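Heads up: the structure comes next, in structure tokens.
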Amino acid sequence: MPSRRDFLLLGAAALMPARLSRAANLGPTQQLAKFEPARGCYIGAFIERDTAVMGNIAAFEELTKKKHASYFTYVGYGRPFPLEWVRKVTRNGGAPHIAFEPNNGLKEVNDSAYLRAWARDAARAKCPIFLRWASEMNGEWGLKRYGGGPSVDKDKFPSLYKEKFALVSQIMKEEAPNVAMLWTPFAEPARSIPLYYPGDQWVDWVGVNIYSVFVHNGDINHPSGEEDPIAFLKVVYDLYADRKPIHISEFAATVWCKGTGQETVAWAMEKTKRFYTALRDGFPRVKSVNWFSLDTVQAGLANNNYSLLSDGRMLATYRQLVADKHFLSRVSFNPTEWNRPVKAGTTQGRGGLALRPASNEDMLAVTGAVAATIDEPFLRGLKNGDTVSGDLNLWAQLPLGMEPRGIIWQVDGQTRAITNRAPYRVSIERERLAEGEHTAKIVVLTRDGKESASSEITFTLE
């Protein structure tokens, strides 16, 4: 199976011209897209799980010495519209950026009372909203997230994806004129990106998620020092910037690498300086850039610390870069455009039309920042130190390319379940376990006859 690096090099070679990116300022007949600034670039961030601030916008902006134009979070399809989080962002003068993810598969996405109620909740917010629908669809993990299981036809998946994107976009146009539709592939594999483009009529902004990791998949034998985040950006920029503003929906660089066990701050500073400087000097239609600030190692998710706030040198570098007037602190909009009445229907409260309760549990685990970088199996659904009162609802996350012959689910060293079919989920009944402290892990039996175990998790059953 080709590695992530192979996909990167093949895709970039196929799509990236040798010359400087062609798209510059808008032509004389072109109009600005929804919420697009005439010049400059919005700055934004994900800070909800950064332990230095835990979603506190005022604290983050005090540390970075810069007001940010936008903040983002993740919401699973079927969950309520994140009203309280949106209010928090708008109270602080920001524009919400929501990654709306159908992680139970695209086939459940229909023109439904739920989806229209979600859109109407967005309309009632009366603020600019960047809606990033079903992002990173081109990655291997995208097919697993959105395909709906092992029976999905890989050849038909791009068509299904584009159909559902157009559906959501149409509903937002009808119900929520304050929503800008954001289409965001992962930077690699680059060659498959155009297969998933829904069409100009359904997309307001084109995004891309780009990560500068020190080594791939936590493996010191696969260094990535020769990779340039600007090369990733150029692929998307040269394809779409003459038609749409470009939105770097997620960017980060590794400041500590679990694979090598070493600090990589100087390396991350160099990558970040080069990237943000290039946005200002060479990519005039990049109109938004958002930092993913999370230590995935500390969070037990993956192998890279991306937190801006975990090292003073990294924070100082970022602070200096975004101080430039090119990086904008506010999304301009005219709220009088949204004064029309909003129809009945909401996802909020007991009478709401949400399909599932509000929860962001496991949302980060399936993002490219995590799924594309793990080097060992992870047991998900439990974290060290959890206290559980009901059944154990667990799932296994495997590194890209790992093909299991079977997965053994162990509690206290005893086998409690065995699975051999995706999506590798089990439920262990509460009644099968005694109260008190327990350990859990998974053991993956690979097709080449090897075993690979997850780290052991300790939890308490009450």
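Numbering that gives the first Met the number 0 applies: residue 0 is where the sequence shown begins, and numbers increase by one.
Backbone N, C-alpha and C fix where the C-beta goes; we use that ideal spot for every residue, glycine too.
What you are looking at is a predicted structure, and each value in this text was computed from that prediction instead of being measured.
With a threshold of 7 Å on Cβ separation, who are the neighbours of residue i within its own chain once the five nearest residues in sequence on each side are excluded?
{"i": "GLY146", "result": "GLY104 and PHE156"}
{"i": "THR316", "result": "MET268, THR271 and LYS272"}
{"i": "ARG78", "result": "ALA353, ARG355, ALA357 and SER358"}
{"i": "VAL369", "result": "THR295, LEU300, ALA301 and LEU363"}
{"i": "PRO334", "result": "LYS125"}
{"i": "VAL330", "result": "PHE34, TYR41, ALA68, SER69, ALA94 and PRO127"}
Residue i by DSSP, collapsed to three states: which one?
{"i": "ALA189", "result": "helix"}
{"i": "VAL443", "result": "strand"}
{"i": "TYR195", "result": "helix"}
{"i": "GLN297", "result": "coil"}
{"i": "LEU397", "result": "coil"}
{"i": "ALA352", "result": "Looking at the sequence provided, one finds Leu at residue 352 rather than Ala. It is coil, neither helix nor strand."}
{"i": "GLY405", "result": "strand"}
{"i": "ALA452", "result": "strand"}
{"i": "ILE46", "result": "coil"}
{"i": "ARG415", "result": "strand"}
{"i": "THR335", "result": "helix"}
{"i": "VAL234", "result": "helix"}
{"i": "TYR239", "result": "helix"}
{"i": "GLN261", "result": "strand"}
{"i": "LEU363", "result": "helix"}
{"i": "GLU434", "result": "coil"}
Below 6 Å CB to CB, which residues in the same chain sit around residue i once its five sequence neighbours on both sides are set aside?
{"i": "LEU391", "result": "ILE427"}
{"i": "ARG429", "result": "GLY389 and ASP390"}
{"i": "SER328", "result": "LYS66 and ALA68"}
{"i": "ILE192", "result": "ASN137 and PRO184"}
{"i": "LEU432", "result": "LEU460"}
{"i": "GLY206", "result": "LEU181, THR183, HIS246 and SER248"}
{"i": "PHE231", "result": "ALA186 and ILE209"}
{"i": "LYS163", "result": "LEU105 and VAL108"}
{"i": "VAL52", "result": "ILE46, ALA58 and PHE59"}
{"i": "VAL85", "result": "PRO95 and ALA124"}
{"i": "VAL74", "result": "PRO81, ILE97 and PHE99"}
Going by C-alpha distance, which of the options is nearest residue i?
{"i": "PHE332", "options": "THR63, ASN177 and THR72", "result": "ASN177"}
{"i": "VAL235", "options": "LEU159, PRO184, ALA252 and VAL212", "result": "PRO184"}
{"i": "SER69", "options": "GLY75, TYR76 and ALA57", "result": "ALA57"}
{"i": "MET511", "options": "GLU83, TRP140 and ALA265", "result": "Nothing about residue 511 can be reported from this structure: the residues present for the chain run from 0 to 461 only."}
{"i": "VAL341", "options": "LYS106, TRP117 and CYS40", "result": "TRP117"}
{"i": "LYS172", "options": "LYS33, VAL330 and ARG318", "result": "LYS33"}
{"i": "SER453", "options": "VAL410, PHE80 and PRO422", "result": "VAL410"}
{"i": "SER306", "options": "TYR113, ALA252 and TRP204", "result": "ALA252"}
{"i": "ASN289", "options": "TYR73, GLY344, GLY43 and ARG131", "result": "GLY43"}
{"i": "PRO228", "options": "TYR239, PRO244, LEU31 and GLU249", "result": "GLU249"}
{"i": "LEU130", "options": "ASP120, ILE97, ASN137 and ASP154", "result": "ILE97"}
{"i": "LEU181", "options": "ASP280, HIS246, VAL369 and GLN169", "result": "HIS246"}
{"i": "GLU336", "options": "HIS67, VAL205 and CYS126", "result": "CYS126"}
{"i": "GLY344", "options": "VAL205, TYR113 and ASN338", "result": "TYR113"}
{"i": "GLU375", "options": "VAL442, LEU314 and PHE291", "result": "VAL442"}
{"i": "THR276", "options": "GLY258, PHE231, LYS153 and HIS325", "result": "HIS325"}
{"i": "ILE209", "options": "LEU460, ALA371 and VAL74", "result": "ALA371"}
{"i": "ILE170", "options": "TRP201, GLN261, GLU226 and GLY448", "result": "TRP201"}
{"i": "THR346", "options": "GLU61, LEU82, ARG48 and ILE46", "result": "LEU82"}
{"i": "THR263", "options": "LEU278, VAL214 and ILE128", "result": "VAL214"}
{"i": "PHE80", "options": "ALA395, ALA51, MET313 and ALA124", "result": "ALA124"}
{"i": "ALA265", "options": "LEU381, LYS153, ARG424 and ARG312", "result": "ARG312"}
{"i": "LYS64", "options": "ARG446, LEU314, ALA421 and GLY400", "result": "LEU314"}
{"i": "SER168", "options": "THR72, ASP120 and ASP110", "result": "ASP110"}
Which residue comes first and which comes last in the alpha helix (DSSP H) that contains residue i?
{"i": "LEU62", "result": "56-63"}
{"i": "GLU269", "result": "264-281"}
{"i": "LYS367", "result": "A small fix is needed here, since residue 367 is Gly in this sequence, not Lys. Note, GLY367: alpha helix (DSSP H), 367-370."}
{"i": "GLY467", "result": "Residue 467 lies beyond the stretch modelled for the chain, which goes from 0 to 461, so this question has no answer here."}
{"i": "TYR423", "result": "Element bounds for TYR423: n/a, residue is neither H nor E."}
{"i": "THR72", "result": "Where THR72 is concerned, there is no enclosing alpha helix (DSSP H), although the beta strand (DSSP E) it sits in stretches over 69-75."}
{"i": "TRP182", "result": "Looking at the DSSP string, TRP182 is not in any alpha helix (DSSP H); the run it does join, the beta strand (DSSP E), is 178-182."}
{"i": "TRP84", "result": "82-90"}
If you drop the 5 nearest sequence neighbours on each side, which residues of the same chain put their C-beta closer than 8 Å to that of residue i?
{"i": "LEU444", "result": "PRO403, ARG404, GLY405, ILE406, ILE407 and GLU450"}
{"i": "ASN383", "result": "GLY299, ILE456, THR457 and PHE458"}
{"i": "GLY198", "result": "LYS161 and ALA165"}
{"i": "LYS87", "result": "GLY54 and ILE56"}
Considering just the uninterrupted stretch of the beta strand (DSSP E) at residue i, what are its terminal residues?
{"i": "SER248", "result": "245-252"}
{"i": "ILE373", "result": "That residue, ILE373, is in no beta strand (DSSP E); it is neither H nor E in DSSP."}
{"i": "TYR210", "result": "204-211"}
{"i": "LYS342", "result": "Unbroken run through LYS342: none, as it is neither H nor E."}
{"i": "ASN289", "result": "285-291"}
In chain order, which continuous runs of the beta strand (DSSP E) of length 3 or greater are located wholly inside the stretch 92-122?
Entirely contained in the stretch 92-122, the beta strand (DSSP E) runs reaching 3 residues are, in chain order, 94-100.
Alpha helix (DSSP H) runs wholly inside the stretch 124-169, at least 4 long, in chain order
Here the runs fully enclosed are 139-145.
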